[in-house]
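My numbering puts the first residue of the sequence shown at 47, with every later residue one more than the last.
For glycine and all other residues, C-beta sits at the position ideal for the given N, C-alpha and C.
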Amino acid sequence: MQGWKIQKQLPRRVERFIAEHRLSVGSRQSAVGSGRVGERDSRLETRDYRPLVVGVSGGADSVCLLHVLYQLRDKIHLDLHVAHLNHQLRGAEADADAEYVSSLARRLGIAATIETRDVKAYQAATRSSLEEAAREVRYAFFAEVAQATGAGAVAVGHTADDQAETLLMHLIRGTGLLGLRGMQPCSRWRLPDEETQLTVIRPLLEISREETEAYCAACELSPRLDSSNISSKYLRNRIRTELMPALLEYNPGIRESLGRAARTVAADIAHLDEEVARLWDSVAVERPDAVALDNQAFSVLPPALKRHLLRSALGRLLGDLRDIELVHIEDLLKVMERPAGKRLSLPGGLAFHGGYTESLITRAEDAPCPLPPLAGEHHLAIPGETMLSGWRVRARVIEGEVSPVDAAGYVAYLDLNITGAELVVRSRRDGDRFHPLGMDNSKKLQDFMVDAKIPRAWRDRVPLVCAGEQIIWVVGWRIDHRVRVTDSTRRVLCLEFEMA
């Protein structure tokens, strides 16, 4: 594209993109706040000049962004402020970048904040990757500049190439639907202090890197080259220099295809967001430091809504989903299909506790116990129905030859000729042992409960069905191996526990 043409066309495209996505470049509200992730301020049109921080590294993308916004400043009423951070990772090269950005800002008559931070020290303190540490330190710096200037947002120079590379990186690492959405035109970035959120806008998201370089050349801007962007030790760089060229041989329009896919996924996620918001109150209840899920209401949801609702629950507790991966959602789905008492550790200090009627995702070390207190011994009517301490127990006898069956949740099938009909229900006692189904030897009940990850607060309330001193069923978890139904069983005792 000819230089004069890109000088005229690229700012127009960016202006249309800003208007189309209603980016909050003109908001009086500070970019730093405590709103929910994904919130956007749509107040673009204004007669007043409003502050906007522009993150400028000195590379072609961010220099192009600054210059384009400078060209548009009067049309969309912007008071620009440059923010540049020296990460102290590239020595003299980084110092030269800072000087270049400072000089460019002076030439354009734009105020600038240029500072230095020790990223490696932060990395060591947080035990994070160098990329993650640099990003967190940089965005914390942007938040400080936004707070000081009263800016409505921070603009960064992510391009269509960055979007394509991000999607490929997510696919390689393993991602769900949210990862395929890629970067959004506007997002809220939660900082490590868990209190501060930064509004970030990406006006160049549909502009290619080739175009930003051509624009800089046409405007004689001479941007800097960051040597770390070509280092093969970073996955993103290998995608950029090795994978993308190979994919371009298969499809010259791969960047555009990936961008369209991201926009399509974003639209689908927006619809799922609406559906989750609509059904949230019928499935979930927010409590202090916890979200409770109704097991029955959750179980009938389509898989896509189950996944999205779990992400929403985690997002509400954590503030964002940056540490949540597809594997965590899949693990949650699996554990919610299992009997009560299952526990799962999650990122951000969260834990999942499976209950009988509801499950909790909580910050607390132990979830509140959903089981009713169980005191004394209670004899069961066989056959018949017995009410005891918040439970209803139904017992029936099945005569004749049956296929081997096993306990499932709160229903157990036992060999009545072995158990006998004189059964009681009680809570655990010191020294209790039983012979878990599938095991060759007996085991301490305490050890079984630990291995089964039954929360400590629940253990005294777990009902035990006993024949004399022998535990024949740890209700909700496992029957005794010796009373299992076999091919020789002729009378089956079916026991069903239900919370009354």
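According to the Cβ coordinates, are residue i and residue j closer than 8 Å?
i	j	result
H399	L392	no
E257	I52	yes
I375	R362	no
I247	A308	no
R442	C540	yes
R474	V508	yes
R282	M215	yes
L244	Y185	yes
A458	I500	no
I370	R227	no
P231	L69	yes
K502	K490	In the sequence as presented, Lys is not what sits at residue 502; that position holds Arg. Taking 8 Å as the Cβ cut-off, R502 and K490 do not qualify as a contacting pair.
Leaving out the 5 sequence neighbours to the left and right, which residues in its chain are closer than 6 Å to residue i when beta-carbon positions are compared?
i	result
G203	D107, S108, L111 and L250
A129	V99, G101, T159, F188 and V191
Y168	A179 and V183
N463	R537
E259	A106
A513	T465, G466 and L469
I156	L126 and V128
Here's a check: name, in chain order, each residue in its chain whose Cβ is nearer than 7 Å to the Cβ of residue i, leaving out the five neighbours to either side.
i	result
A144	H130, N132 and I160
L56	V114, I253, E257 and Y261
L293	I300
D207	S254, R255 and R301
D340	V329 and E404
V511	L469, V471, I518, W519, V521 and L541
F543	W437, V439, Y456, P509 and V521
L267	V109 and H113
E445	R537
C265	Q53 and H113
P419	S435 and R507
T432	H424, L426 and V439
G222	R353, L372 and I375
P429	A441, R442 and V443
Apart from the five residues just before and just after residue i, which ones in its own chain have a Cβ nearer than 8 Å to its Cβ?
i	result
M485	H527
I285	E211, L214, M215 and I218
G105	G203, P269, R270, L271, D272 and N275
L396	L360, L363, L364, I407, T408 and R409
S277	N283
S148	H130, A158 and I160
D125	Y95, R96, P97, L98 and R119
So if DSSP puts residue i in a beta bridge, which residue, or which two residues, is it bridged to?
i	result
N132	T162
G101	A129
G49	Paired residue(s): none; G49 is not in a bridge.
I525	W519
C540	R442 and Y459
L406	A338 and H399
A157	H127
R474	Per DSSP, none; premise fails for R474.
M433	R438
P482	D526
A194	Answer by DSSP bridge pairing: none, since A194 is not bridged.
H425	V470
R96	L124
V200	V99 and V246
For chain B, check one thing: does any of its Cβ atoms lie closer than 8 Å to the Cβ of residue i?
i	result
R530	The chain labelled as chain B is not found in the depicted structure, where only one protein chain is given.
Quick check on residue i: buried or exposed, where buried means 16 or more other Cβ atoms within 10 Å of its Cβ?
i	result
A171	exposed
D461	buried
I218	exposed
H425	exposed
V331	exposed
V346	exposed
D120	exposed
D327	exposed
R58	exposed
W50	exposed
V373	exposed
Q32	Lying outside 47 to 546, the shown extent of the chain, residue 32 is not represented and no answer is given.
V496	exposed
D87	Residue confidence is low: D87 scores 36 on pLDDT, short of 50, so the model does not pin down where it sits. No coordinate-derived value is stated.
H481	buried
K388	buried
R234	buried
Do residue i and the ligand HEM come close, with the Cβ less than 7 Å from some heavy atom?
i	result
P334	What this structure holds is no ligand at all, so the ligand HEM is not there to describe.
Can you list, in chain order, the stretches of the alpha helix (DSSP H) that have 4 or more residues and sit fully within the region 355 to 399? 372 to 382
Counting only runs of 4+ residues fully inside the region 209 to 235, write out the alpha helix (DSSP H) ranges in chain order. 223 to 227
As an exercise, report each continuous alpha helix (DSSP H) stretch of at least 4 residues that is fully enclosed by the region 257 to 341, in chain order. 281 to 284, 290 to 296 and 300 to 329
Whole alpha helix (DSSP H) elements within the region 489 to 515, 4-residue minimum: For the region 489 to 515, whole alpha helix (DSSP H) runs of length 4 or above, ordered along the chain, are 491 to 497.
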